[in-house]
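Numbering (the working numbering), first residue to last: 1498 to 1799. Every residue gets a Cβ at the ideal spot worked out from N, C-alpha and C, and that includes glycine.
Put into structure tokens, the structure is as follows:
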């Protein structure tokens, strides 16, 4: 038995709450991970986990052993990182989570550059537009846009997403011809708006106060709604309505004029970007270096 590998598997199973999630993160099988933990229990001569069809839980002995194991595994990973620090090399496997649109439009380029700097590192980039539990999915870090809900996770702010009211060039031209271009946020209630449901604010479009305008929130309506920013993007490009979207979602189109910004004298409320991770990763060197990398990269986010 490779005792260190078994200890690492045990720690990951406890953090994720399932053998299958750990197997996915390691590119292994559920039975292989289960055998590693069983071998560790046999070596120690005690049960570490209570297994039922619905859940896993630590025994009293398992709880005490887990606390020591988690510390040892983390210290070993950090020791390896320290040995490579002179070369700036990051080792191992990093599992990163993000939404599909942000992952494809922004984060992938940052991950690509990070991998180029650290050729000994493997990255598993998991994209999902629904809520993803960092621990149960075995993620080292998740990059999230919007206000965070209360949780047991740790978070560092790494950037800001600017937003704008946008329309395709064709739709904006049509509204101008009809003299229906919105001139203030309140006008938006008269328009077909594309609603992004991936945020708690949903159809409430929020504008911050400026020197010339008070803060205002407008409840918009429309025929199209989606929890995917990429669907919202395609809907705007197809002239299905007005969007209230991150400016990075339409970077090339805004520059070319294919998409135009409406209400330019108003200030759509920006969204924070956070790196979220488990407390067990607080001392992980690869997580810390990755967070530093994306924070620097997001400084120039449009």
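How far does the alpha helix (DSSP H) with residue 1792 in it extend, from its first residue to its last? Counting from one through the chain shown, the residue named residue 1792 turns up at place 295. Taken as a continuous stretch (DSSP letters only), the alpha helix (DSSP H) holding residue 1792 covers 1782–1794.
Contact between the segment 1529–1546 and the segment 1635–1654 (3+ Cβ pairs under 8 angstroms): no
In its own chain, which residues sit with a C-beta less than 8 angstroms from the C-beta of residue 1513, not counting the 5 before and 5 after it? Here residue 1513 refers to the residue found at position 16 when the chain shown is read from its first residue. Hits under 8 angstroms: 1519, 1522, 1632, 1633, 1634 and 1635.
Using 8 angstroms as the Cβ pair cut-off and three pairs as the minimum, do the segment 1751–1769 and the segment 1665–1677 touch? yes
In or out: residue 1529 buried (at least 16 other Cβ within 10 Å) or exposed? What you label residue 1529 is simply residue 32 of the chain shown in a count that begins at 1. So residue 1529 counts as exposed.
Residue burial classification, residue 1505 (beta-carbon count within 10 angstroms, cutoff 16): Along the chain shown, one-based indexing puts residue 1505 at 8. Residue 1505 should be labelled buried.
Please list the terminal residues of the continuous beta strand (DSSP E) segment that includes residue 1540. As a first step, residue 1540 is located in the chain shown; it is residue number 43 there, counting from the start. From DSSP, residue 1540 is part of no beta strand (DSSP E) but of the alpha helix (DSSP H) over 1527–1541.
Assigned exposure category for residue 1467 - 16 Cβ within 10 Å defines buried: Outside the shown range of the chain (1498 to 1799) lies residue 1467, about which nothing can therefore be said.
Taking residue 1522 as part of the alpha helix (DSSP H), name the residues at either end of that continuous run. By 1-based counting over the chain shown, the position of residue 1522 is 25. That run of the alpha helix (DSSP H) goes 1516–1523.
With a cut-off of 8 angstroms on the beta carbons, I'd call residue 1541 and residue 1555 a contact; round off their distance for me. Within the chain shown, the letter at position 44 stands for residue 1541. Within the chain shown, the letter at position 58 stands for residue 1555. Residue 1541 to residue 1555, Cβ: 13 angstroms. No contact.
Assuming residue 1646 contacts residue 1595 under a Cβ cut-off of 8 angstroms, what Cβ separation, rounded to an integer in Å, is found between them? The residue given as residue 1646 occupies position 149 in the chain shown. The residue given as residue 1595 occupies position 98 in the chain shown. About 17 angstroms separates the two Cβ atoms, so there is no contact after all.
Just curious, the alpha helix (DSSP H) that residue 1749 is in, first and last residue? Here the question's residue 1749 lines up with position 252 in the chain shown. Residue 1749 -> alpha helix (DSSP H) spans 1748–1753.
Using three-state DSSP, classify residue 1676 as helix, strand or coil. What you label residue 1676 is simply residue 179 of the chain shown in a count that begins at 1. Note: residue 1676 maps to coil in three-state DSSP.
Taking 8 angstroms as the limit between beta carbons, can you name the residues of its chain near residue 1601, skipping five residues before and five after? For the purposes of this step, residue 1601 is taken as the residue at position 104 of the chain shown. Closer than 8 angstroms at the Cβ level, and outside the excluded window around residue 1601, lie 1624 and 1727.
Range covered by the beta strand (DSSP E) that runs through residue 1704: As a first step, residue 1704 is located in the chain shown; it is residue number 207 there, counting from the start. Its beta strand (DSSP E) spans residues 1701–1705.
How many Å lie between residue 1723 and residue 1644 at the Cα? In the chain shown, counting from the first residue as 1, residue 1723 sits at position 226. In the chain shown, counting from the first residue as 1, residue 1644 sits at position 147. Rounded to whole angstroms, residue 1723 to residue 1644 spans 19 angstroms at the Cα level.
State the start and end residues of the unbroken beta strand (DSSP E) segment that holds residue 1758. Along the chain shown, read from residue 1 onward, the residue named residue 1758 stands at position 261. From DSSP, the beta strand (DSSP E) with residue 1758 extends over 1756–1759.
Label residue 1628 either buried or exposed according to how many other C-beta atoms from any shown protein chain fall within 10 Å of its C-beta, with 16 as the threshold for buried. Residue 1628 sits at position 131 when you count from the first residue of the chain shown. Flag for residue 1628 reads exposed.
Cβ neighbour criterion (16 or more within 10 Å) applied to residue 1615: As a first step, residue 1615 is located in the chain shown; it is residue number 118 there, counting from the start. By the 10 Å Cβ count, residue 1615 comes out buried.
Just to confirm, is the Cβ distance from residue 1740 to residue 1691 under 7 angstroms? Here residue 1740 refers to the residue found at position 243 when the chain shown is read from its first residue. Here residue 1691 refers to the residue found at position 194 when the chain shown is read from its first residue. Yes; because the gap between Cβ atoms is below 7 angstroms, this pair is in contact.
Which residues in the same chain as residue 1498 place their Cβ atom closer than 7 angstroms to its Cβ, once the five residues preceding and following it in sequence are excluded? On the chain shown, residue 1498 is found 1 positions in, with the first residue counted as 1. Once the five neighbours on either side are set aside, the close Cβ partners of residue 1498 are 1536 and 1540.
Other residues of its chain near residue 1619: CB distance less than 8 angstroms, five sequence neighbours each side excluded: Start at 1 with the first residue of the chain shown, and residue 1619 comes out as number 122. Same-chain partners within the cutoff: 1589, 1590 and 1591.
Within 10 angstroms of its Cβ, does residue 1658 collect 16 or more other Cβ (buried), or is it exposed? Counted from its first residue, the chain shown places residue 1658 at position 161. With 16 or more Cβ atoms within 10 Å of its Cβ, residue 1658 is classed as buried.
Is the distance from the Cβ of residue 1704 to the Cβ of residue 1774 below 7 angstroms? Locating residue 1704 in the chain shown gives position 207, counting from the first residue. Locating residue 1774 in the chain shown gives position 277, counting from the first residue. No, Cβ-Cβ distance for residue 1704 and residue 1774 is not below 7 angstroms.
Would you call the segment 1565–1576 and the segment 1710–1720 touching, i.e. three or more CB-CB distances under 8 angstroms? no
Helix, strand or coil for residue 1621, going by three-state DSSP, please let me know. As a working mapping, residue 1621 is identified with position 124 in the chain shown. DSSP places residue 1621 in strand when its eight states are reduced to three.
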